[in-house]
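Going down the list, the sequences are from chains A and B. Residue numbers are given in our numbering: position 28 of the first sequence equals residue 28, and the series is strictly consecutive. Residue numbers are given in our numbering: position 69 of the second sequence equals residue 365, and the series is strictly consecutive. C-beta: ideal position from N, C-alpha, C; glycine also. Remember, predicted model here, so these are calculated numbers, not experimental data. Have a look at the structure below before the remarks.
Protein chains: 2
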Amino acid sequence: MPPAAPTEPPTDPRDRPIGVFDSGVGGLTVLHELLVSLPEEDFVYLGDTARFPYGERTGAELQEFAMQIAEELLRRRVKLLVVACNSATAAALPALQERMLQTTLGVDVIGVVRPEALQAVSTTRSGRIGLLATPTTVASGAYDAAVTGADPHVTLTSVACPDLAPIIQSGGAGGELFDDRLVEVVRGACAPLLEARVDTVILGCTHYPLVRPLLQRALGRDVQIVTSGAALARQAMHALASRGLDTRRTGEGRYSFLSTGDPEAFRALGTRFLQLPLGPVTQVLPMSDADAILRG
Amino acid sequence: MPPAAPTEPPTDPRDRPIGVFDSGVGGLTVLHELLVSLPEEDFVYLGDTARFPYGERTGAELQEFAMQIAEELLRRRVKLLVVACNSATAAALPALQERMLQTTLGVDVIGVVRPEALQAVSTTRSGRIGLLATPTTVASGAYDAAVTGADPHVTLTSVACPDLAPIIQSGGAGGELFDDRLVEVVRGACAPLLEARVDTVILGCTHYPLVRPLLQRALGRDVQIVTSGAALARQAMHALASRGLDTRRTGEGRYSFLSTGDPEAFRALGTRFLQLPLGPVTQVLPMSDADAILRG
């Protein structure tokens, strides 16, 4: 098991951890890619499971949550903040970036959406890209803006998948738990993309990499799949390197977990999403009584 | 669920299934890669679980088993035979290739070892390749011969891992079941490869892809990992294309499973290795009473 993140601030700023946060466990697929791509770095992941899901929250609420979480991670002296959540990225990324650069540490913030949109645009040959995402993400238009901003001649075919993330979260990809329903939902989601003859598909929800083989089979071998995790990992490397903040240590770094909800519930769900040993989970940021009552 | 493989021979020879066999469930990681790389093809997989593990068998026994299995798969009119097992490849590939080309169907046979050795040689920049495999596979010298045959100036550092496959098979990579022991064994296996400063590592056992993220972290980001499944999938595509036998159908093909042992035991272990829905499992090739008594 990886030991907990250091409580004493390391003397070399390059050895500070990278902070990653999400509304729950979905962002662990992003952390997985970061852990595999940047094995020498330390990470601290915060899952805001007590207030999950973010899809039902207002933009103002999400900005407030994101600021709270950023403060919590700043106290742990993160050198880079990764927002591994579509809703939080859409609602709070610019405000977060401004706030974090004002701190004494001057921390960069990167989020999902833009990295995978850029990667998809640089991957497609036909100029026809597909997007699978939650209804909220599709409705936000964030991927349309990012794709069109990168190349106005590329067309994006978006499919809103209301059922896919809940099925995956409830166990549809746990190993024994692949079932007819999951296969049917995956095929249904891919059908409009096949009809549109896209050659590149963005997985615009952090839950979807868990069923990537099913998606690849449904889309066919010639379709390139772009995930938030892989795209973000590349951007994280560049962000660190541009400030000279990439660690010079060798060997495996450490990683640890913070959860605003029950640590045991986080652990029970989390390992399947991380696909690596989970290690310690610590509860942080307890909700106020008022908020707890409000959320039932 | 995928429906069972067709019992009626298809009229178009390009629509015949691809046969894959292994001593048990390990070869399902190879089938996984084939299903993702060649989604339009039909597959029939035979796991010889009643006689698992092959590592304890003599070469003559393995040749006999391989011939029996090949006959069983020929009856299902396979158009290509893939040996997804190191021991069977080492003991029986040339004999199988000769036998299968004598049949009226003239079926090609491809096996592990050579595809991943060639891919490793074409991947390495430093000329230093590592191998992780079972003691039997390392002792066979098959990878040394394949690597040196492809490029005599490349050096191969082999690590025999007696514990890794058993730990993985018993559940070490099941999600919740990552534990200290697994992490320790992975780090121990990688240490000699780090010392030898290899830049490419062959996973020479079909169980190992299940802990690939752990291996990648232990080896560091700059080391390329080569798996049997990915290397074989490429060779299978070439083998089919060279004979004009790749299917012209579109959409997902079907796949089904044969097991010489208990189908339920196969199913219980199999889904974790396949990482796709398992579908039907049929028992075939019942063992003789004498053999059953012999094996306890």
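Cα-Cα separation, residue i to residue j
| i | j | result |
| --- | --- | --- |
| Ile258(A) | Leu324(B) | It is Leu, not Ile, that sits at residue 258(A) in the sequence shown. Computed Cα separation, rounded: 36 Å. |
| Val409(B) | Ala384(B) | 11 Å |
| Phe474(B) | Leu276(A) | 7 Å |
| Glu560(B) | Gly343(B) | 12 Å |
| Pro458(B) | Ala90(A) | 49 Å |
| Phe326(A) | Gly24(A) | Nothing can be reported for residue 326(A): it is not among the residues displayed for chain A, which extend from 1 to 296. |
| Thr546(B) | Pro313(B) | 15 Å |
| Thr49(A) | Asp144(A) | 29 Å |
| Phe43(A) | Gln102(A) | 22 Å |
| Thr124(A) | Leu452(B) | 38 Å |
| Gln216(A) | Leu274(A) | 20 Å |
| Asp542(B) | Leu536(B) | 5 Å |
| Thr400(B) | His534(B) | 21 Å |
| Gly172(A) | Leu73(A) | With a pLDDT of only 49 at Gly172(A), under 50, the local geometry of the prediction cannot be trusted, and no value is derived from it. |
| Leu528(B) | Leu499(B) | 13 Å |
| Gly149(A) | Thr556(B) | 57 Å |
| Gly470(B) | Gly566(B) | Unreliable placement is indicated for Gly470(B), whose pLDDT of 45 sits below 50; the coordinate value is still reported in the next sentence. So the two alpha carbons sit approximately 11 Å from each other. |
| Arg197(A) | Cys205(A) | 21 Å |
| Arg128(A) | Thr200(A) | 7 Å |
| Glu184(A) | Leu214(A) | 10 Å |
| Ile168(A) | Asp180(A) | 13 Å |
| Ala70(A) | Gly315(B) | 53 Å |
| Ile521(B) | Phe317(B) | 23 Å |
| Ser538(B) | His449(B) | 30 Å |
| Thr271(B) | Leu182(A) | Outside the shown range of chain B, which is 297 to 592, sits residue 271(B), and nothing can be said about it. |
| Val580(B) | Met363(B) | 14 Å |
| Gly79(A) | Gly106(A) | A quick correction: the sequence has Lys, not Gly, at residue 79(A). Lys79(A) and Gly106(A): Cα-Cα distance of roughly 8 Å. |
| Leu318(A) | Ser466(B) | Since the displayed chain A opens at 1 and closes at 296, residue 318(A) lies outside it and no answer follows. |
| Ala438(B) | Gly322(B) | 19 Å |
| Gly540(B) | Leu193(A) | 29 Å |
Opposing strand residues paired with residue i [DSSP bridges]
| i | result |
| --- | --- |
| Asp304(A) | For chain A, the structure presents residues 1 to 296; residue 304(A) sits outside this window and is missing. |
| Gly343(B) | Asp318(B), Ser555(B) |
| Gln520(B) | Thr496(B) |
Three-state secondary structure assigned by DSSP to residue i
| i | result |
| --- | --- |
| Ser319(B) | coil |
| Phe562(B) | helix |
| Gln579(B) | strand |
| Val159(A) | strand |
| Leu300(A) | Shown here, chain A extends from 1 to 296; a query on residue 300(A) therefore has no answer. |
| Ser599(B) | No information on residue 599(B) is available, as it lies outside the stretch 297 to 592 that chain B covers here. |
| Arg550(B) | coil |
| Gly171(A) | helix |
| Asp308(B) | coil |
| Arg353(B) | coil |
| Cys501(B) | coil |
| Leu214(A) | helix |
| Glu98(A) | helix |
| Arg371(B) | helix |
| Arg248(A) | coil |
| Gln63(A) | helix |
| His153(A) | coil |
| Arg539(B) | coil |
| Glu329(B) | helix |
| Cys381(B) | coil |
| Glu480(B) | helix |
| Gln364(B) | helix |
Neighbourhood of residue i by C-beta distance below 6 Å, restricted to the same chain and skipping five residues each side
| i | result |
| --- | --- |
| Ala218(A) | Val186, Arg187, Cys190 |
| Ser454(B) | Leu427, Val434 |
| Arg267(A) | Leu278, Val281 |
| Asp151(A) | Val121 |
| Leu31(A) | Val20, Tyr45 |
Close-in-space but distant-in-sequence residues of the same chain around residue i (CB under 7 Å, 5 per side omitted)
| i | result |
| --- | --- |
| Val109(A) | Leu81, Val83, Leu93, Leu96, Gln97, Met100 |
| Gln235(A) | Ile110, Pro115 |
| Leu358(B) | Tyr350, Ser383, Ala384, Ala387, Ala388 |
| Phe361(B) | Asp344, Arg347 |
| Gly59(A) | Ala91 |
Cβ separation of residue i and residue j, assumed to be a contact under 8 Å, to the nearest whole Å
| i | j | result |
| --- | --- | --- |
| Ala117(A) | Asn86(A) | Not really, about 12 Å apart at Cβ, beyond 8 Å. |
| Tyr255(A) | Tyr45(A) | 7 Å |
| Glu337(B) | Gly525(B) | Wrong, their Cβ atoms sit about 15 Å apart, outside the cutoff. |
| Ser37(A) | Arg517(B) | 6 Å |
| Glu252(A) | Pro39(A) | 6 Å |
| Arg14(A) | Arg248(A) | 6 Å |
| Ala165(A) | Pro135(A) | Going by Cβ atoms, the distance from Ala165(A) to Pro135(A) rounds to 10 Å, so no, they are not a contact pair. |
Distance cut-off 7 Å: residue i Cβ against heavy atoms of the ligand FMN
| i | result |
| --- | --- |
| Gly261(A) | Only the bare structure without any ligand can be found here, which leaves the ligand FMN out of the picture. |
Contacts around residue i, its chain only, beta-carbon distance under 8 Å, and the 5 residues preceding and following it disregarded
| i | result |
| --- | --- |
| Ala146(A) | Val113, Arg114, Ala117, Leu118 |
| Thr11(A) | none |
Any C-beta of chain E under 8 Å from that of residue i
| i | result |
| --- | --- |
| Leu38(A) | Looking at the structure shown, chain E is missing, and the protein chains on hand are A and B. |
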